[in-house]
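Enquirer: Heads up, the sequence shown is in UniProt numbering, so the first residue is 1 and it goes up one at a time. Note that the Cβ used here is the ideal one computed from N, Cα and C, for glycine as well. Quantities reported herein were computed from a predicted structural model and do not represent experimental measurements.
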Amino acid sequence: MSHILIVEDEAIIRTALRKLLERHRYRVSEAGSVREATTKYRLSEVDLVISDLRLPGAPGTDLLKLAGDVPVLIMTSYASLRSAVDSMRMGAADYIAKPFDHDEMIATVRRVIGKAAQSRAQGPSNKDSGRSISGMIGDSPVMRELYARIHKVAPTDATVLVHGETGTGKELVARAIHEESRRADKPLISVNCAAIPETLIEAELFGHEKGAFTGAQTAREGLVAAADGGTLFLDEIGELPLEAQARLLRVLQEGEVRPIGAVESRKVDVRLVAATHRNLRQLAGERKFREDLYYRINVVQMTLAPLRERGKDVLAIAEHLLEKFCAKVERATLKLSPEAVQAVTTYTWPGNVRELENAIQRAVILTEGNGEIDHHTLDIDLDLVPVDEADPDRRPRSLHTDPREDLSLEDYFARFVLEHQDTMSETELAKKLGVSRKCLWERRQKLGIPRKKSRRLAAEA
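1) Going along the chain, which residues of its own chain have a beta-carbon closer than 8 Å to the beta-carbon of VAL112, five neighbours each way excluded?
2) By Cβ distance below 8 Å, which residues in the same chain neighbour GLU10 in space, the five residues on each side in sequence not counted?
3) With a threshold of 6 Å on Cβ separation, who are the neighbours of ASP235 within its own chain once the five nearest residues in sequence on each side are excluded?
4) For ASN192, write down the residues that DSSP places opposite it in a beta bridge.
5) According to the neighbour-count rule (16 or more other Cβ atoms, all chains shown, within 10 Å of its Cβ), is GLU389 buried or exposed?
6) In terms of alpha-carbon separation, which member of ARG331, TYR41, ILE133, GLU145 lies closest to ALA367?
7) Hey, could you find the ends of the alpha helix (DSSP H) ILE150 is sitting in?
8) Using the beta-carbon count (16 or more within 10 Å), is GLY169 buried or exposed?
9) At the level of alpha carbons, what is the spacing between ALA212 and LEU240?
10) To test your reading of the DSSP string, which unbroken alpha helix (DSSP H) runs of 4 or more residues are found completely within the stretch 165-224?
11) Is it right to say LEU384 is buried, meaning 16 or more other beta carbons lie within 10 angstroms of its own, or is it exposed?
12) What three-state label does DSSP hand TYR95 in the structure shown?
13) VAL224 and LEU200 look like a contact to me (Cβ under 8 Å); what is the Cβ gap, rounded to whole Å?
14) With DSSP as the reference, label ILE317 as helix, strand or coil.
15) Could you tell me which residues DSSP puts in a beta bridge with SER51?
16) Report the rounded CA-to-CA distance for ILE137 versus GLU419, giving the unit in angstroms.
17) In the DSSP assignment, find the unbroken beta strand (DSSP E) run with THR423 in it and report its ends.
18) Determine the direct distance from the alpha carbon of ARG271 to that of SER190, and round the result to whole angstroms.
19) Nearest-angstrom Cα distance between ARG14 and VAL273?
20) Taking Cβ to Cβ, would you say GLN421 is nearer than 8 Å to LEU429?
21) Hey, how far is the Cα of GLU165 from the Cα of ALA194?
22) Report the three-state DSSP secondary structure of LYS432 (helix, strand or coil).
23) Which residue or residues does DSSP assign as beta-bridge partners of HIS163?
24) For the alpha helix (DSSP H) that contains GLU286, what are its first and last residues?
25) How many Å lie between LEU321 and ILE260 at the Cα?
26) Who are ILE373's beta bridge partners in DSSP?
27) Rounded to the nearest angstrom, what separates GLY68 and VAL109 at their Cα positions?
28) By the 10 Å Cβ neighbour count, where 16 or more other Cβ atoms means buried, how is ILE365 classified, buried or exposed?
29) Go through its chain and collect everything with a Cβ distance to SER125's Cβ below 8 Å, but skip five positions before and after it.
30) Nearest to ASP363 by alpha carbon, out of PRO350, LYS324, ALA216, ALA31?
31) In the DSSP assignment, what are the bridge partners of SER29?
32) Contact between the stretch 57-65 and the stretch 33-47 is defined here as three or more beta-carbon pairs at a separation below 8 Å; is this criterion met?
33) What span of residues does the alpha helix (DSSP H) with THR156 cover, start to end?
34) Check for me: the alpha helix (DSSP H) holding THR61 runs from which residue to which?
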């Protein structure tokens, strides 16, 4: 049973969070300040510290050094998101914005504790094997595991198959493998199989002799031969026509290539790195991909995780892209506003790094002055939960229980809104809760609390 220490000065939130964690079989201790936490408990004996950012006396970030190797999860409101981002740079395991729901909190706790346990199990030598790679950004567990595999596989000549969604950066993996191999001084030839028409792809890859087909006025060396001694990267190999697959199989099995229309083959020494977002095993079963080629290229598999599964890597990538594009247009480096940070870190990014890159570039171009980029300028479609008045499960839970008995964080949010919405404007409500008006609106949708004009506000209108 993992032991968690909560450091939070608001008793109502501390109690609700303790009950939530205990229901999920965690052992929980509490403190109202950094001083109380360090005098009552030995931080080295807990598995996780969950601390509010703003505490009486010393701030929660002081626990980052005091806790040593114990991970610290920082809680913060929208109003102090910038400080939360800074705390991650100082070594916080992660941050979570208030108000948050049960599932969000438990998922984050499990992820942080699991990551810490994995790091302890790996030990110092394995941690070093997962050192970062030039050109690739991220320190999440999935990326460290990928780095470690690249370091192991790159010095060999093994064929590598990289799986990953569109826009995750599969070509960066191929480039890293090439640059750490004995072939680094030879060419890396990259080919997107989906970008070349079927009628031309064989000639592009394997070359052709003069007169081999209509329009072949001169002999031409193919890209496979151009990669001789180096690495051939075939992106979206699942789009390769069956005829071209047969020729590629010969290259891999015999180490030779025969141009279209040629009588003789020539020897080539090529290391293949292939990538796809499709299920090649399934395609092979449907006879849309050669089974023998699948087994030939499926020597070492690597998976490049989508952006939504890489935790706080997304923020590091966003800030890197922000610096890059500001330099490109020769302007002072902009910053992401707290709302923009929240949008970047909560959006699911179906287009992955490519979509993030486009959003950041667009925001740099459209933002006036040298201030901050707001979430409106990012112009991403955040997933909003619509209100369903007919669904009773979407309505807020009963709020007539003892607040210290079983009050969840969502209940706390709903209680405050219901008790004060008649006397406060939306701006005042949001400020008191430490969130943006947009976040307040989204939480209303999720909890089924429709906005209601008070008499005072109606009169003002």
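Expert: Well, looking at it:
1) The beta carbon of VAL112 sits closer than 8 Å to the beta carbons of LEU48, PRO71, LEU73, ALA93, ASP94 from its chain, once the five residues preceding and following it are set aside; these are given in chain order.
2) Taken in chain order, the residues that qualify are ASP52.
3) If the five residues before and after ASP235 are omitted, its C-beta is found closer than 6 Å to the C-beta atoms of ASN192, ALA275, all from its own chain and listed in chain order.
4) Beta-bridge partners assigned by DSSP to ASN192: ASP235.
5) Summary for GLU389: the model assigns pLDDT 34, below 50, so the residue's position carries little reliability; its value from the coordinates is reported in the next sentence. Exposed: under 16 other Cβ atoms inside 10 Å.
6) Ala is not the amino acid found at residue 367; the sequence shown has Thr there. Minimum Cα distance to THR367 is reached at ARG331.
7) Start and end: 141-153.
8) Counting the other CB atoms within 10 Å of its CB gives GLY169 a total of 16 or more, which places it among the buried residues.
9) Answer to the nearest angstrom: the Cα atoms are 21 Å apart.
10) The qualifying runs are 170-179, 198-206.
11) Any reading at LEU384 is ruled out, since the residue's pLDDT is 35, under 50, leaving its predicted position unreliable.
12) Here TYR95 sits in strand by DSSP.
13) Taking C-beta atoms under 8 Å as the contact rule, VAL224 and LEU200 fail to qualify, at a distance of about 15 Å.
14) Here ILE317 carries a helix assignment [DSSP, helix/strand/coil].
15) For SER51, the beta-bridge partners assigned by DSSP are VAL7, ILE74.
16) The alpha-carbon atoms of ILE137 and GLU419 are separated by roughly 46 Å.
17) It is not in any beta strand (DSSP E) - THR423 carries neither H nor E in the DSSP assignment.
18) SER190 and ARG271 have their C-alpha atoms spaced approximately 12 Å apart.
19) When rounded, the distance between both Cα atoms is 51 Å.
20) Cβ distance < 8 Å, so GLN421 and LEU429 count as in contact.
21) Rounded to whole angstroms, GLU165 to ALA194 spans 14 Å at the Cα level.
22) Here LYS432 sits in helix by DSSP.
23) Per DSSP, the beta bridge partners of HIS163 are THR276, THR303.
24) Counted as a single uninterrupted DSSP element, the stretch harbouring GLU286 is not any alpha helix (DSSP H), since DSSP gives it neither H nor E.
25) If I take the Cα positions, the gap works out to 43 Å.
26) Per DSSP, the beta-bridge partners of ILE373 are LEU336.
27) Each residue's Cα considered, the two are about 18 Å apart.
28) Taking all protein chains shown into account, ILE365 has fewer than 16 neighbouring C-beta atoms within 10 Å of its C-beta and is therefore exposed.
29) Note that SER125 scores 44 on pLDDT, short of 50, meaning its location in the model is unreliable; the coordinates nonetheless yield the value given after this. By the criterion of a C-beta distance shorter than 8 Å, SER125 is surrounded by no residue of its chain, once the five residues flanking it on both sides are discounted.
30) Going by the sequence as given, residue 363 is Ala instead of Asp. Nearest in C-alpha terms to ALA363, of all of PRO350, LYS324, ALA216, ALA31, is LYS324.
31) Paired residue(s): LEU5.
32) At 8 Å Cβ cutoff, the stretches touch.
33) Counting along the chain, no alpha helix (DSSP H) covers THR156, and no H or E run does either.
34) Per DSSP, THR61 belongs to no alpha helix (DSSP H) and is neither H nor E.
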